[in-house]
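Asks: Numbering (the UniProt record's numbering), first residue to last: 1 to 254.
(1) Which same chain residues end up closer than 7 Å to residue 125 when comparing Cβ atoms and leaving out the 5 residues on each side of it in sequence?
(2) According to DSSP, is residue 120 part of a helix, a strand, or is it coil?
(3) State the start and end residues of the unbroken alpha helix (DSSP H) segment that holds residue 300.
(4) Keeping to the same chain, check which residues put their C-beta closer than 8 Å to that of residue 122; ignore five residues upstream and five downstream.
(5) Hey, residue 17 and residue 28: beta-carbon distance below 9 Å or not?
(6) To the nearest angstrom, report how far apart residue 25 and residue 19 are at their CA atoms.
(7) What's the C-alpha gap between residue 89 and residue 102?
(8) Could you check the C-alpha separation between residue 39 and residue 33 for me, to the nearest Å?
(9) Rounded to whole angstroms, what is the Cα-Cα separation between residue 63 and residue 98?
(10) Could you give the uninterrupted runs of the alpha helix (DSSP H) lying entirely in the stretch 75-121, keeping only those of 4 residues or more?
(11) May I have the straight-line CA-CA distance separating residue 84 from residue 78, to the nearest angstrom?
(12) Could you tell me the distance, in whole angstroms, from the CA atom of residue 42 to the CA atom of residue 51?
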């Protein structure tokens, strides 16, 4: 219809469309408005569908972001715990290093003590072996050489002075008695008998108890040399008196 009325001005519209368009211009405008509305509605529907799809994708992305944030929080918590464990491990490592150093020092001290004890054990075993060998061979026992102490020296000097005083007083008395009884006895013989050298006790003779030793002196542990000197001194005094008595008896019998 429109093609017949317009006389050839079709505006590049298809022939089928021109045949269905009304001839009234207002009707054509109404059809055009409806077509535009249909086109806009179709376009809006497409845009809404695309927007809905994008919203769904955005929601998924938000969920992924939330999951990632939760994982980040968990990792941060784990990192904090790991850091605390690392600090505790460092402290424990320092403590173990100190304990190791202390134990190393203790081990070194114990090793030194063990070496000292080993040396002492060897010396002791060697000494015991030497003692066994000496006892097996029947050798003389090893005796330490006695030494004079200050008490021994003082006792010897005091005994010697007492002996000299006793000898002097006894010699004077005997000189007077002998001179009165036997005036013809030579003075040189008497002097020789009085000044005779006292006999020393043999080293192997057992010590005899002397009455001249005081209890306080005998209660103390004395050396063998002290016994020998004191006993030989007292025995020497008795020998002097016995020699004088024998000389007197011999002169009287003659």
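Where a beta carbon is used, it is the ideal one built from N, C-alpha and C, also for glycine.
Replies: Reading it off the structure:
(1) none
(2) helix
(3) The question about residue 300 has no answer, for the chain in this structure spans 1 to 254.
(4) none
(5) no
(6) 14 Å
(7) 20 Å
(8) 10 Å
(9) Between residue 63 and residue 98, the alpha-carbon positions lie close to 52 Å from each other.
(10) Runs of the alpha helix (DSSP H) inside the stretch 75-121: none found.
(11) 10 Å
(12) 14 Å
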